[in-house]
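Let me begin by presenting the structure, written as structure tokens, before commenting on it.
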């Protein structure tokens, strides 16, 4: 089994080698750019770790892992648009629309989503693509509530905006690893806690959301409880969970 | 077998009844609006007609037919954005961004694409979703060439921007009707001609593209030749092509 750092390196390498659809023509440049700006690749690492826990080789789960990273990148590219958050920078670089123009920025996000579907559709069964579509719709709904609706329940917004893709990092990997649906329930419960944990720690780092509602210590307590529940859910699955436990532990104490 | 008009009514009815993913919350309103503004529904009619020609019931092909209409609508919603064509009207109604604001317009297009994937993923095999993703990427590439690249070959742009979705209307229906890949070749050749025919007639109606390059009579000749080739390809398939011949004939002489 690979460590989280090794899985991250494998995901990074696979992203670099990813063949984009030739009919994109020049539009491929901005898609490539938005993927290369980087990030922690935490979603594909989770997907690959779930796959390995279930005994599936990295290569078998990689298309699902890359698909979820492309959906995440699509959401950032569209969120950065002037019509949305109007961000000119992303991780210290010009955001995609700032670099290539607003029209190309819209198309780059569209293309990332479509490429994600193409990756998900490499599996014979449509289950991976279905999980991807549902998570994407949930994320879009969360973005709508966050930006267009005043005072909507913060926890619900977070569960959609951030939690849905974390959830799908796990569930897409379950299908990619060909785990029968009847055995997926504890994994899905784990997936819920993982997204929540990530979001609460994000709020602690940004002094936002949970911190504003419950104070830093309160938020920290919520994070610890979510981590504890995630570990408990992992205890219920029939798989080698060593690396996934490490991921939960490091998500709980991360400082960036 | 149903006539094209009957198929259109069935598609319209299914679109009205279409359940959107509940996690979209208020974002569903703009998605619904953009679908209700209407149109000729020519792509789903083609998909359903291909299915019936192969003996597949309408209900079996409907998810694929609706998926292609949703991708078409997604492309219109994003094309209308200020960053793209900046159109405030669509079929005599305010365009989606004009009605709901630019941010919601971006999200509405995103949601339409994701809902299309969810429809395509209702089939057990991922083949329908794969055709959808490839066509969407080709269409995006065509949009890029059309708006960002000066003087790119017009026929190539049209083949991507318009032709790719027509092509997918046929090929997604082939998978939905469970036609083995080995028998799909003449259908795929037919699909190519159908997209070309639609585009040339569009140019004749708009006095654009082919008309500017070849004059009205030249464009009309090209359209007639494309229609003739489409009929010839239909002659090669093992299916009841009566309704599809009617569709080719009416696409060739349409005046709107």
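Protein chains in written order, with the numbering used here: chain A, 1 to 256; chain B, 1 to 256.
Every residue, glycine too, gets a C-beta built ideally from N, C-alpha and C.
Small disclaimer: the values here were computed from a predicted structure and weren't measured.
query, result
"Selection of the stretch 84-100 of chain A by Cβ proximity to chain B, strictly under 7 angstroms", "84"
"Reduced DSSP category for residue 236 (chain A) - H, G, I as helix; E, B as strand; rest coil", "coil"
"C-beta atoms of residue 177 (chain B) and residue 233 (chain B) nearer than 8 angstroms", "no"
"Per DSSP, cross-strand counterpart(s) of residue 125 (chain A)", "B:125"
"CA nearest to the CA of residue 75 (chain A), picked from A:53, A:191, A:64 and A:105", "A:105"
"Within chain B, partners of residue 143 (chain A) - CB distance below 7 angstroms", "107"
"Beta-ladder partner(s) of residue 93 (chain B), from DSSP", "B:90"
"Coarse secondary structure for residue 241 (chain A), derived from DSSP in three states", "coil"
"Closer than 7 angstroms at the beta carbon, the chain A residues around residue 133 (chain B)", "114, 117, 118 and 121"
"Per-residue burial, residue 249 (chain B) [other beta carbons within 10 Å of its own, 16 or more giving buried]", "exposed"
"CB contact below 8 angstroms: residue 129 (chain B) versus chain A", "yes"
"Residues that residue 195 (chain B) contacts on chain A, provided the C-beta gap is smaller than 8 angstroms", "Neighbours of residue 195 (chain B) on chain A: none; closest Cβ ~13 angstroms, over 8 angstroms."
"Residue 170 (chain B), buried or exposed, once every other Cβ within 10 Å from all chains shown has been counted against 16", "buried"
"Members of the stretch 8-22 of chain A that neighbour chain B once the beta carbon cut-off is set at 9 angstroms", "20, 21 and 22"
"Residues near residue 187 (chain B) by beta carbon distance below 7 angstroms, same chain, minus five either side", "170, 174 and 237"
"Buried or exposed (CB count within 10 angstroms, at least 16 for buried), residue 73 (chain A)", "buried"
"Residue range of the alpha helix (DSSP H) that includes residue 110 (chain A)", "102-120"
"Same chain, Cβ closer than 7 angstroms to residue 198 (chain A), neighbours up to 5 away in sequence not counted", "162, 166 and 251"
"Three-state secondary structure assigned by DSSP to residue 161 (chain B)", "helix"
"Validate contact between the stretch 78-98 of chain A and the stretch 119-137 of chain A using beta carbons, cut 8 angstroms, 3 pairs", "no"
"Contact list for residue 149 (chain A) against chain B, beta-carbon separation under 9 angstroms", "25 and 26"
"For residue 142 (chain B), the three-state DSSP class (helix, strand or coil)", "helix"
"Chain-ordered residues of the stretch 174-196 of chain A with a beta carbon less than 8 angstroms from chain B", "none"
"Simplified DSSP assignment, three categories, for residue 147 (chain A)", "helix"
"Cβ neighbour criterion (16 or more within 10 Å) applied to residue 17 (chain A)", "exposed"
"Partner residues on chain B for residue 126 (chain A), Cβ-Cβ distance less than 8 angstroms", "120, 121, 122, 123, 124, 125, 126, 128 and 129"
"Expected contact under 8 angstroms - CB spacing of residue 107 (chain B) and residue 27 (chain B) to nearest Å", "6 angstroms"
"Neighbour-count burial assignment, residue 65 (chain A), 16 or more Cβ in a 10 Å radius", "buried"
"Between the CA atoms of residue 81 (chain B) and residue 83 (chain A) - distance to the nearest angstrom", "10 angstroms"
"Residue 186 (chain B), enclosing alpha helix (DSSP H) - first and last residue", "185-206"
"Backbone CA spacing between residue 224 (chain A) and residue 8 (chain B) [nearest angstrom]", "56 angstroms"
"Residue from B:36, B:212, B:202 and B:196 with nearest C-alpha to residue 230 (chain B)", "B:196"
"CB contact below 8 angstroms: residue 138 (chain B) versus chain A", "yes"
"Among A:59, A:43, A:89 and A:101, nearest to residue 244 (chain A) - alpha-carbon criterion", "A:43"
"Residues near residue 41 (chain A) by beta carbon distance below 7 angstroms, same chain, minus five either side", "8, 11, 12 and 69"
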